[in-house]
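J.: Let me give you the structure first, and then I'll get to my questions.
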Amino acid sequence: MFALRTPKGKGKEGADVNKKKRRAKKKRGGVTIDEEAIAKEAKPKEAKKAKPKGEIRTPLRSEHTVDVDFAPDRATDAKKLQVKVFVEETLRKGVHGLVAEFKGMRRMNDFNLMTEFDVGCLDNCRVILHIGNVQYIHANYVSTPNSPKRFICTQAPLPKTCPDFWHMVVQEKSTAILMLCNFIEQNAKKCAEYFPTQDGAPLSFEGDVHVVFRRQEMLIFPFETKIRVQVTHLDVSVPGQPIHTCAHYHWLDWPDRGVPEADLAPITLLEKIKDSTTPIIVHCSAGIGRTGSIVLIQHALELLQTNQPLLEICTYLIELRKQRNNSIQTEHQYLYIHQVLLLYLKQSKYLDESVTPYLETFTKDYYKATKGF
């Protein structure tokens, strides 16, 4: 900081000049500047004890602050340094800070005034169909660190768009489909029945499109969880194309505009399909809320796997919204992403033990904030 000094005058005339200069207020760029106040503020202050590099101050429920030591000498492991920014900023902001951050992020539409499918489809990364008689489908390619077309985020198939959906699956050679909604939610139709859910006759659609049931099982999680994911193996045939085989993963209990129990279930699901070399098709009802949550978690995982630093999630959400309009609908979904990633980092030994009490505080506040959603 630079201290402002007023030239010393001599005699009465000099004293008057100095007095006027100290009280003078000038306008610079339309802003009134009180030089006397600035000079007073600029006086040298008693030196404060230097804070170790990397230390953060994390607000808790009270107005007091606590220090979380992330100094390099404590976190020499490369894994801990890799997630330093994400962990520090998440714990510093806390649940209430993240909610405020999410609400402050510019969105193009008011979700309270929207119908389920009243979400614009961005043209810059829209999927264009080359199979069938229709080119348009409400779907966007979404990139991650591993691929410019890692995901295709789309809305739930409608009765008239089921053939288009399967044309997209075959065209993109997608071997994994994630369905994060149910056919009916809160007594409202959310998704057309676009695939057979049990053995029997295949489902057929306009344009000689046929989907055949092969087998079905439940995804096995290596830990106790309430989450249920049903895996259905399908064969798809469309005119002029070879029979295409894919796996359909149906998350059965993720509430609309809400969040499931925060555990490592999404990590396990994404681990199951991580070897897919073609776009992973993921949808919920509108294809932005639950869908965006899964995409952001995968984005973070790929950063870790490629030894890149994990920064604040808001940075990645802004980029996601440039590819899939209005991704992440609620603050609860935004919090869910952070909570899942913190749990994963803890289990995978990315966190220093000193973080544990603040992680517990964050988790406690998370469950209070998302209770009933």
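If you count the sequence shown from 1, position 168 lands on 168 in UniProt numbering, and the numbers rise without skipping. Positions of the beta carbon are idealized from the N, C-alpha and C atoms, including for glycine.
Contact defined as beta carbons within less than 8 Å: I believe G293 pairs with T175. What is the distance between those atoms, to the nearest angstrom?
T.: Residue 293 sits at position 293 when you count from the first residue of the sequence shown. Residue 175 sits at position 175 when you count from the first residue of the sequence shown. Per the sequence shown, the amino acid found at residue 293 is Ser instead of Gly. Not really, about 22 Å apart at Cβ, beyond 8 Å.
J.: May I have the straight-line CA-CA distance separating K80 from Y336, to the nearest angstrom?
T.: In the sequence shown, residue 80 corresponds to position 80, counting from 1. In the sequence shown, residue 336 corresponds to position 336, counting from 1. Approximately 22 Å between the Cα atoms of the pair.
J.: Can the beta-carbon of R215 be found closer than 9 Å to that of W251?
T.: The residue labelled residue 215 in the question sits at position 215 within the sequence shown. The residue labelled residue 251 in the question sits at position 251 within the sequence shown. Taking 9 Å as the Cβ cut-off, R215 and W251 do not qualify as a contacting pair.
J.: Would P242 and F205 qualify as a contact pair, given that the criterion is a beta-carbon distance under 9 Å?
T.: Residue 242 sits at position 242 when you count from the first residue of the sequence shown. Residue 205 sits at position 205 when you count from the first residue of the sequence shown. Between P242 and F205, the C-beta gap is not smaller than 9 Å, which leaves the two residues out of contact.
J.: If you drop the 5 nearest sequence neighbours on each side, which residues of the same chain put their C-beta closer than 6 Å to that of L345?
T.: Position 345 of the sequence shown, counted from the first residue, corresponds to residue 345. Excluding sequence neighbours, L345 sits near V83, L351.
J.: If V211 sits next to M168, beta carbons under 8 Å apart, how far is it from one beta carbon to the other, in whole angstroms?
T.: Translated into positions along the sequence shown, residue 211 becomes position 211. Translated into positions along the sequence shown, residue 168 becomes position 168. At roughly 13 Å, the Cβ-Cβ gap does not stay under 8 Å, so V211 and M168 are not in contact.
J.: Taking the beta strand (DSSP E) that S174 falls in, what are its first and last residues?
T.: Residue numbering aside, residue 174 sits at position 174 when the sequence shown is read from its first letter. No beta strand (DSSP E) holds S174; DSSP gives it neither H nor E.
J.: Between G240, H233, S147, which lies nearest to L303 when the distance is taken from Cα to Cα?
T.: Along the sequence shown, read from residue 1 onward, the residue named residue 303 stands at position 303. Among G240, H233, S147, the Cα nearest to that of L303 is on S147.
J.: Leaving out five residues before and five after Q171 in sequence, what residues of the same chain have Cβ atoms less than 7 Å from its Cβ?
T.: Here residue 171 corresponds to residue number 171 of the sequence shown, with the count starting at 1. When the five nearest sequence neighbours on each side are left out, the beta carbons in the same chain lying within less than 7 Å of the beta carbon of Q171 are those of L129, H130, I131, in order along the chain.
J.: When burial is assigned at 16 or more other CB atoms within 10 Å of the CB, is M218 buried or exposed?
T.: By 1-based counting over the sequence shown, the position of residue 218 is 218. Counting Cβ neighbours within 10 Å, M218 comes out exposed, since fewer than 16 surround it.
J.: Considering only C-alpha positions, which residue in the set P222, D208, W254, P260 is nearest to V238?
T.: On the sequence shown, position 238 is the one that residue 238 refers to. Out of P222, D208, W254, P260, D208 has the C-alpha closest to the C-alpha of V238.
J.: Helix, strand or coil for E217 per DSSP?
T.: For the purposes of this step, residue 217 is identified with residue 217 of the sequence shown, where counting begins at 1. Looking at E217 - three-state DSSP - the assignment turns out to be strand.
J.: In the DSSP output, which residue or residues are listed as bridge partners for R126?
T.: Translated into the one-based positions of the sequence shown, residue 126 becomes position 126. DSSP lists N140 as partners of R126.
J.: Hey, which unbroken runs of the alpha helix (DSSP H) at 4 residues or more fall wholly within the stretch 234 to 282?
T.: Runs found: 265 to 272.
J.: Under 9 Å between the Cβ atoms of P279 and K190?
T.: Position 279 of the sequence shown holds residue 279. Position 190 of the sequence shown holds residue 190. For P279 and K190, no; Cβs fall outside 9 Å.
J.: Can you say whether F151 is buried or exposed, counting buried as having 16 or more other CB atoms within 10 angstroms of its CB?
T.: For the purposes of this step, residue 151 is identified with residue 151 of the sequence shown, where counting begins at 1. F151 is buried by the Cβ-count criterion.
J.: Locate the alpha helix (DSSP H) running through T361, then write down its first and last residues.
T.: Along the sequence shown, one-based indexing puts residue 361 at 361. Here the alpha helix (DSSP H) through T361 covers 356 to 370.
J.: For I273 versus L296, is the C-beta distance shorter than 9 Å?
T.: Stepping through the sequence shown from its first residue, residue 273 is reached at position 273. Stepping through the sequence shown from its first residue, residue 296 is reached at position 296. L296 is positioned such that its CB atom lies no closer than 9 Å to that of I273.
J.: Quick one: using the 10 Å Cβ neighbour count with 16 as the cut-off for buried, is M179 buried or exposed?
T.: Here the question's residue 179 lines up with position 179 in the sequence shown. It counts as buried.
J.: Take T268 and list the residues in its own chain whose beta-carbon comes closer than 6 Å to its own, dropping the five residues that flank it on each side.
T.: Stepping through the sequence shown from its first residue, residue 268 is reached at position 268. Correct list, in chain order: F221.
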